[in-house]
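In the numbering used here, the protein residues as written are 239 to 373.
We put the CB at the ideal spot given by N, CA and C, even for glycine.
Shown next as structure tokens:
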């Protein structure tokens, strides 16, 4: 599934980059030195916005209709495009994966998870998210 979000681009010039706003995602914005770069950068901004909101247990608004956004006087004179982002960003369906690690590490994970009332999978998911979110 692909998500298609309308983006509004404030036209740049020789002195100023194209500014990008995603009207359906409050606070989601980006920029680019060229029109193409602005569109590409907006995809990354949308993905990061969605990941951040989901990590905070928030709700992701569905994309609005381009025809409705174009009528908004706040964006008069702006350029419009629709960008696609991977809908897998919203997919919480469990998927079985096969990973390899030393047995001694697996044993330590299992002991730790058991002592803290977690499953191995739950521990690994939480550890991965902690690393991703906090570096």
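1) What beta strand (DSSP E) runs, 3 residues minimum, are completely inside the stretch 277-324?
2) Report buried or exposed for residue 338, applying the criterion of at least 16 other Cβ atoms within 10 angstroms of its Cβ.
3) Any chance the stretch 317-329 sits against the stretch 283-301, with 3 or more Cβ pairs inside 8 Å?
4) Our contact map puts residue 276 next to residue 247 with C-beta atoms below 8 Å; I'd like the distance itself, whole angstroms only.
5) With DSSP run on the structure shown, which of helix, strand or coil describes residue 371?
6) Return the first residue and the last residue of the alpha helix (DSSP H) that residue 255 is part of.
7) If you count every other CB in all the chains shown that lies within 10 Å of the CB of residue 256, and 16 or more means buried, which is it?
8) Compare the beta carbon distance of residue 262 and residue 301 with 8 Å and say whether it is the shorter of the two.
9) If residue 323 and residue 273 are in contact, beta carbons under 8 Å, what's the gap, nearest whole angstrom?
10) With a threshold of 8 Å on Cβ separation, who are the neighbours of residue 351 within its own chain once the five nearest residues in sequence on each side are excluded?
11) Please work out which residues of its chain come closer than 8 Å, Cβ to Cβ, to residue 283, disregarding the five sequence neighbours upstream and downstream, and give them in chain order.
Put simply:
1) 317-324
2) Numbered from 1 along the chain shown, position 100 holds the residue referred to as residue 338. Under this definition residue 338 is an exposed residue.
3) yes
4) Indexing the chain shown from 1 puts residue 276 at position 38. Indexing the chain shown from 1 puts residue 247 at position 9. Indeed, because the Cβ distance is near 5 Å, the residues count as touching under 8 Å.
5) Taking the chain shown and counting its residues from 1, one reaches residue 371 at position 133. In this structure, residue 371 counts as helix in the three-state DSSP scheme.
6) Working through the chain shown from its first residue, we reach residue 255 at position 17. Careful: residue 255 lies outside any alpha helix (DSSP H) and carries neither H nor E.
7) Here residue 256 corresponds to residue number 18 of the chain shown, with the count starting at 1. Under this definition residue 256 is a buried residue.
8) For the purposes of this step, residue 262 is taken as residue 24 along the chain shown, with counting starting at 1. For the purposes of this step, residue 301 is taken as residue 63 along the chain shown, with counting starting at 1. Yes, the pair counts as a contact, with Cβ atoms nearer than the cut-off.
9) Along the chain shown, read from residue 1 onward, the residue named residue 323 stands at position 85. Along the chain shown, read from residue 1 onward, the residue named residue 273 stands at position 35. About 18 Å separates the two Cβ atoms, so there is no contact after all.
10) To locate residue 351, count along the chain shown from 1; it is residue 113. Counting only Cβ-Cβ distances below 8 Å, and skipping sequence neighbours, we find 357, 358, 360 and 361.
11) Along the chain shown, one-based indexing puts residue 283 at 45. Hits under 8 Å: 258, 260, 266, 267 and 268.
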